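In my numbering, the protein residues as written are 36 to 120.
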């Protein structure tokens, strides 16, 4: 699986969900492992809103957060591209 950036459609849907306080604004609702959530929380990324402000490079600079965790995170985020808010 190649690491592509999140599509603009996905980002727009996610940002709209955050703005409307949709349930997926909570990182626990993404469907990623607790390890990924804990790694994000360790650097102050505690909401979907703060996650969306991060660049790929910033995420990869988190200790113990590598390509595998990034791939898991992007895959989970891509599942929301077809949501209607």
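Yeah, the Cβ is synthetic: ideal placement off N, Cα and C, and Gly gets one too.
Every value quoted in this text rests on a predicted model; they were computed, and no experiment measured them.
Query raised in the report: Taking just the CA atoms, how far does residue 81 sit from residue 75?
Result: 7 angstroms
**Report entry** Endpoints, the alpha helix (DSSP H) within which residue 96 is located
**Finding:** From DSSP, residue 96 is part of no alpha helix (DSSP H); its letter is neither H nor E.
Query - Exposed unless 16 or more other CB atoms sit within 10 angstroms - verdict on residue 69 - result: exposed
Report task. Would you tell me roughly how many angstroms separate the C-alpha atoms of residue 90 and residue 100, rounded to the nearest one? Result -> Put simply, the backbone Cα of residue 90 is about 13 angstroms away from that of residue 100.
Query raised in the report: Three-state secondary structure (DSSP) at residue 88?
Result: coil
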